[in-house]
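Colleague:
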Amino acid sequence: NMQVVDPTTVSPCCDTMPDYEMNGYPTAGAFDGSGVGGSVSGPAPVSTSTVSAGKNLGATPGGAQDIGLVRRWIEDGLVPTGNNLTVEGLLSEHDLPIEGQTCEQFLCVHGALGMSPTLDDDDGTTFVQIGFMSGLRTDTFKRRPLNLVVVVDVSGSMGSGDKMVATREALNHLVDQLGEDDRFGIVKFNSEASVVLESTPATDKAALKAAIAQLNAGGSTNIEAGLVMGYEMAAKFLEESGRNHRVMLFTDAQPNVGNTEQGGFIAIAKKYADLGIGLSSFGVGIDFQHELILGISQIRGGNYFYLENADKIRKVFDEDFDYLVTPLAYDMKVSLTPGANYEIVDVYGIPNWSKGEQTITLDVKTVFLSRNKGAIMLRLKYVGPLYL
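One rule links them: number in our numbering = place in the sequence shown (from 1) + 728.
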């Protein structure tokens, strides 16, 4: 167990870790009380990151990566619902480093303790922050080549507002981040799915952007057909070693043809996640159906972003692209046992956690590389004797 700080003990572990290089050389890390490691090796392809040199990168759990939809609602004079706000999204878009901690390993998990007065009781609350960071650095990190397929919603609802314009702009920024070692394909869907561009080496960016320019909205919304076709295209190249395999879905998430239930989409995503194909989802439009995409983003290899404006598109695709396609760890479990006279009453920043008789377990499906040091927060309550 890693002793974080009384009153909590933390014991993390990871099922599998992808292959990367750290600081230019292969490492074979192991959990040693200061972080989580794994057997790492493999190629170091060209990076397109433009961040400043020499800083440690962070790490964030998968799932929602922002609260952009909430901001969009507020900017338009609407009142967002509680379902539109995810704590994990709020935490992921902020840099939350734990003071004084460093990381020389592939992935490090640290803890910190804080006390805070609260409005709902007179005793105050104890908070424990579980923080994530990486020994990978901005000046030496090189992502692996991608086998990437984008699946684009071109249904009639995407023709309203600026949805299609924003999607094409995002895709053009995405293409600018691709290297010659990457593969890229495009699938579109409305009532049916069709191939716009078969998977091809990303060497002729003008041709890729010409294919993107053909995307126009009209028809019904069959997300199921588009996802399946996109996954099938990506699966053709699973045997190419040294690649990250990923599908990216661009949609306002308003299915009305084919499977329209969240459970059906989760089953599709899980099937291909088990084969090693991750899913990044990008929402557009003020009427974006957040709950549907949130569910599929919480599986292994999943993350989700809302593209509320041009600045967000530039940030996601110009600054953060290499990180959002780079999973650091899968199926990470963190077990926490409260110290004497303390009880864990809530967890913020992760949807999947279970409570045992004395220990709770956080189930982090994926940890992604990030410019931000991510966090999960725990709220503890003192249940011991009172001293006057």
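From the three backbone atoms N, C-alpha and C, an ideal C-beta is built for every residue, glycine too.
So what's aspartate 823 in DSSP terms, helix, strand or just coil?
Modeller: Coil, per DSSP.
Colleague: Can you tell me which of the three DSSP states alanine 995 falls into?
Modeller: In this structure, alanine 995 counts as helix in the three-state DSSP scheme.
Colleague: State the DSSP-derived secondary structure class of glutamate 1019, mapped to helix, strand or coil.
Modeller: In the structure shown, glutamate 1019 sits in a helix (DSSP, three-state: H, G or I).
Colleague: Among Glu1071, Leu1064, Tyr1070, which has the Cα closest to the Cα of tryptophan 1081?
Modeller: Ranking Glu1071, Leu1064, Tyr1070 by Cα distance to tryptophan 1081 puts Leu1064 first.
Colleague: Classify threonine 866 as helix, strand or coil using the three-state DSSP reduction.
Modeller: Three-state DSSP puts threonine 866 in coil, outside helix and strand.
Colleague: Can you give the Cα-Cα distance for alanine 935 and serine 820, rounded to whole angstroms?
Modeller: Straight-line Cα distance between these residues: approximately 35 Å.
Colleague: For the beta strand (DSSP E) that contains phenylalanine 912, what are its first and last residues?
Modeller: Counting along the chain, the beta strand (DSSP E) containing phenylalanine 912 begins and ends at 911-917.
Colleague: For lysine 964, name the three-state secondary structure that DSSP assigns.
Modeller: Coil.
Colleague: Within a Cβ cutoff of 6 Å, which residues of the same chain sit near threonine 1089, ignoring the five residues on either side of it in sequence?
Modeller: Once the five neighbours on either side are set aside, the close Cβ partners of threonine 1089 are Lys1061, Ser1063, Ser1082.
Colleague: Taking the DSSP output, what are the residues bridged to glycine 986?
Modeller: According to DSSP, glycine 986 bridges with nothing at all.
Colleague: Comparing C-alpha positions only, which one of Val915, Phe912, Asp1091, Ala1068 sits nearest to proline 1113?
Modeller: For proline 1113, the nearest C-alpha among the options comes from Ala1068.
Colleague: Expressed to the nearest angstrom, what Euclidean distance is found between the alpha-carbon atoms of valine 807 and isoleucine 826?
Modeller: So the alpha carbons of these two residues sit roughly 33 Å apart.
Colleague: To the nearest angstrom, how far is it from the Cα of threonine 814 to the Cα of isoleucine 802?
Modeller: Rounded to the nearest angstrom, the two C-alpha atoms are 15 Å apart.
Colleague: Going straight from the alpha carbon of aspartate 1046 to that of leucine 977, what length do you get?
Modeller: Cα to Cα, the separation comes out at about 18 Å.
Colleague: What is the DSSP secondary structure of asparagine 895, reduced to helix, strand or coil?
Modeller: Going by the sequence as given, residue 895 is threonine instead of asparagine. Three-state DSSP puts threonine 895 in a helix.
Colleague: Which one of Met1105, Leu1056, Asp1039, Gln1086 has the shortest CA to CA distance from arginine 800?
Modeller: Answer by Cα proximity: Asp1039.
Colleague: Spatial neighbours of alanine 1001 within its chain, please: C-beta separation below 6 Å, excluding the five flanking residues on both sides.
Modeller: Hits under 6 Å: Ile1027, Arg1028, Gly1029.
Colleague: Please classify lysine 783 as buried or exposed, where buried requires at least 16 neighbouring CB atoms within 10 angstroms.
Modeller: It counts as exposed.
Colleague: From what residue to what residue does the beta strand (DSSP E) around arginine 1107 run?
Modeller: 1103-1110 is the span of the beta strand (DSSP E), which, as asked, contains arginine 1107.
Colleague: Give the straight-line distance between the Cα atoms of glutamate 832 and aspartate 823, rounded to the nearest whole angstrom.
Modeller: C-alpha separation (whole angstroms): 19 Å.
Colleague: Exposed or buried, what is asparagine 944 when buried is set at 16 or more other beta-carbons lying within 10 Å of its beta-carbon?
Modeller: So asparagine 944 counts as exposed.
Colleague: Excluding five sequence neighbours on each side, which residues of the same chain lie with their C-beta closer than 6 Å to the C-beta of leucine 1056?
Modeller: Cβ within range, chain order: Ala787, Leu835, Val1095, Leu1097.
Colleague: For the beta strand (DSSP E) that contains isoleucine 1072, what are its first and last residues?
Modeller: It spans 1070-1076 - the beta strand (DSSP E) in which isoleucine 1072 sits, taken as one unbroken run.
Colleague: Quick check on DSSP: helix, strand or coil for phenylalanine 834?
Modeller: It is coil, neither helix nor strand.
Colleague: Here's a check: name, in chain order, each residue in its chain whose Cβ is nearer than 7 Å to the Cβ of methionine 750, leaving out the five neighbours to either side.
Modeller: For methionine 750, the predicted model reports a pLDDT of 38, less than 50, meaning its position is unreliable and no value from the coordinates is stated.
Colleague: Return the first residue and the last residue of the alpha helix (DSSP H) that leucine 797 is part of.
Modeller: Here the alpha helix (DSSP H) through leucine 797 covers 796-803.
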